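To start, the structure itself, in C-alpha coordinates.
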Amino acid sequence: SVQPADSHKLSAAAAESEVSSYFGQLARDADAKHAQQERAEERAEKSAASSEQHYEEGLASRDRQYEASREKELRRQAAHVRHEEHADTAAKAATIRAAAEAKGGDAKLADAEVATAAGGGAGEA
3 SVQPADSHKL
13 SAAAAESEVS
23 SYFGQLARDA
33 DAKHAQQERA
43 EERAEKSAAS
53 SEQHYEEGLA
63 SRDRQYEASR
73 EKELRRQAAH
83 VRHEEHADTA
93 AKAATIRAAA
103 EAKGGDAKLA
113 DAEVATAAGG
123 GAGEA
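Reading the sequence shown from the start, the letters are residues 3 to 127 in this note's numbering.
Written out as C-alpha coordinates, the structure reads:
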(Lines of atoms letter the chains of each structure in order from A and count residues from 1; the text may use other names and numbers.)
(Lines give C-alpha, C1' and ligand atoms only; values in the text may rest on other atoms or scores of the structure.)
Protein backbone atom coordinates (compact mmCIF):
# COMPACT_ATOMS: atom_id res chain seq x y z
CA SER A 1 0.00 0.00 0.00
CA VAL A 2 1.04 3.62 -0.49
CA GLN A 3 2.42 5.42 2.56
CA PRO A 4 1.62 9.13 3.10
CA ALA A 5 5.25 10.10 2.41
CA ASP A 6 5.19 8.11 -0.81
CA SER A 7 1.91 9.74 -1.72
CA HIS A 8 3.50 13.15 -1.17
CA LYS A 9 6.45 12.17 -3.39
CA LEU A 10 4.08 10.99 -6.12
CA SER A 11 2.11 14.23 -5.92
CA ALA A 12 5.32 16.26 -6.16
CA ALA A 13 6.53 14.16 -9.11
CA ALA A 14 3.16 14.49 -10.81
CA ALA A 15 3.14 18.25 -10.23
CA GLU A 16 6.70 18.55 -11.49
CA SER A 17 5.80 16.51 -14.55
CA GLU A 18 2.73 18.67 -15.13
CA VAL A 19 4.76 21.89 -14.79
CA SER A 20 7.45 20.51 -17.11
CA SER A 21 4.81 19.51 -19.62
CA TYR A 22 3.19 22.95 -19.38
CA PHE A 23 6.47 24.81 -19.97
CA GLY A 24 7.37 22.39 -22.76
CA GLN A 25 4.05 23.17 -24.45
CA LEU A 26 4.66 26.92 -23.99
CA ALA A 27 8.08 26.54 -25.62
CA ARG A 28 6.61 24.54 -28.56
CA ASP A 29 3.85 27.15 -28.98
CA ALA A 30 6.42 29.98 -28.94
CA ASP A 31 8.56 28.14 -31.53
CA ALA A 32 5.53 27.58 -33.76
CA LYS A 33 4.48 31.22 -33.46
CA HIS A 34 8.04 32.36 -34.26
CA ALA A 35 8.17 30.11 -37.34
CA GLN A 36 4.76 31.42 -38.42
CA GLN A 37 6.01 35.02 -38.08
CA GLU A 38 9.12 34.22 -40.11
CA ARG A 39 6.98 32.72 -42.89
CA ALA A 40 4.71 35.77 -42.84
CA GLU A 41 7.76 38.07 -43.09
CA GLU A 42 9.12 36.05 -46.02
CA ARG A 43 5.75 36.28 -47.79
CA ALA A 44 5.65 40.04 -47.14
CA GLU A 45 9.17 40.46 -48.54
CA LYS A 46 8.29 38.42 -51.64
CA SER A 47 5.10 40.41 -52.07
CA ALA A 48 6.98 43.70 -51.75
CA ALA A 49 9.60 42.54 -54.27
CA SER A 50 6.84 41.42 -56.61
CA SER A 51 5.04 44.75 -56.22
CA GLU A 52 8.23 46.66 -56.93
CA GLN A 53 8.94 44.53 -60.00
CA HIS A 54 5.33 44.99 -61.17
CA TYR A 55 5.65 48.76 -60.67
CA GLU A 56 8.93 48.90 -62.61
CA GLU A 57 7.45 46.79 -65.42
CA GLY A 58 4.50 49.17 -65.52
CA LEU A 59 6.83 52.16 -65.82
CA ALA A 60 8.80 50.46 -68.59
CA SER A 61 5.59 49.57 -70.43
CA ARG A 62 4.33 53.15 -70.11
CA ASP A 63 7.67 54.43 -71.44
CA ARG A 64 7.50 52.04 -74.41
CA GLN A 65 3.92 53.12 -75.16
CA TYR A 66 4.93 56.78 -74.94
CA GLU A 67 7.89 56.25 -77.27
CA ALA A 68 5.76 54.31 -79.76
CA SER A 69 3.09 57.02 -79.66
CA ARG A 70 5.74 59.71 -80.08
CA GLU A 71 7.32 57.90 -83.05
CA LYS A 72 3.90 57.42 -84.63
CA GLU A 73 3.13 61.14 -84.22
CA LEU A 74 6.54 62.13 -85.67
CA ARG A 75 5.98 59.82 -88.67
CA ARG A 76 2.50 61.30 -89.12
CA GLN A 77 3.93 64.84 -89.02
CA ALA A 78 6.73 63.92 -91.45
CA ALA A 79 4.22 62.36 -93.84
CA HIS A 80 2.09 65.51 -93.59
CA VAL A 81 5.11 67.69 -94.37
CA ARG A 82 6.06 65.45 -97.33
CA HIS A 83 2.47 65.62 -98.56
CA GLU A 84 2.48 69.43 -98.29
CA GLU A 85 5.87 69.62 -100.04
CA HIS A 86 4.61 67.30 -102.78
CA ALA A 87 1.45 69.37 -103.18
CA ASP A 88 3.55 72.55 -103.27
CA THR A 89 5.91 71.02 -105.86
CA ALA A 90 2.95 69.78 -107.90
CA ALA A 91 1.37 73.25 -107.80
CA LYS A 92 4.65 74.87 -108.92
CA ALA A 93 5.02 72.25 -111.65
CA ALA A 94 1.49 72.89 -112.85
CA THR A 95 2.16 76.62 -112.90
CA ILE A 96 5.44 76.17 -114.83
CA ARG A 97 3.83 73.68 -117.22
CA ALA A 98 0.88 76.00 -117.85
CA ALA A 99 3.22 78.94 -118.49
CA ALA A 100 5.45 76.88 -120.82
CA GLU A 101 2.48 75.50 -122.72
CA ALA A 102 1.06 79.02 -123.00
CA LYS A 103 4.38 80.20 -124.48
CA GLY A 104 4.92 77.50 -127.06
CA GLY A 105 2.40 74.76 -126.49
CA ASP A 106 5.21 72.17 -126.44
CA ALA A 107 4.53 69.58 -123.70
CA LYS A 108 8.14 68.26 -123.84
CA LEU A 109 9.52 71.74 -123.29
CA ALA A 110 7.08 72.24 -120.40
CA ASP A 111 8.18 68.93 -118.83
CA ALA A 112 11.84 69.93 -119.25
CA GLU A 113 11.23 73.23 -117.48
CA VAL A 114 9.37 71.44 -114.69
CA ALA A 115 12.26 68.96 -114.32
CA THR A 116 14.78 71.82 -114.19
CA ALA A 117 12.72 73.61 -111.54
CA ALA A 118 12.23 70.43 -109.53
CA GLY A 119 15.97 69.69 -109.71
CA GLY A 120 16.68 72.91 -107.82
CA GLY A 121 17.43 75.04 -110.89
CA ALA A 122 20.28 72.96 -112.32
CA GLY A 123 20.06 74.94 -115.57
CA GLU A 124 20.53 78.32 -113.86
CA ALA A 125 24.33 78.26 -113.56
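The beta-carbon is built from N, C-alpha and C at its ideal position, and this holds for glycine as well. Source: prediction; values computed, not measured.
Quick one: using the 10 Å Cβ neighbour count with 16 as the cut-off for buried, is residue i buried or exposed?
i   : result
V21 : exposed
Out of curiosity, what's the CA-to-CA distance linking residue i and residue j?
i    : j    : result
A102 : D90  : 18 Å
E43  : S52  : 14 Å
S19  : S49  : 44 Å
R77  : V83  : 10 Å
Q38  : L12  : 38 Å
H56  : A70  : 21 Å
G106 : A114 : 13 Å
Within its chain, find whatever has a CB closer than 6 Å to the CB of residue i; leave out the 5 residues flanking it on each side and keep chain order.
i    : result
A119 : I98
Tell me whether the beta-carbon of residue i lies closer than 9 Å to the beta-carbon of residue j.
i   : j    : result
A93 : V116 : no
Under 8 Å Cβ to Cβ from residue i, same chain only, skipping five residues before and after it: list those, please.
i   : result
D33 : none
E86 : none
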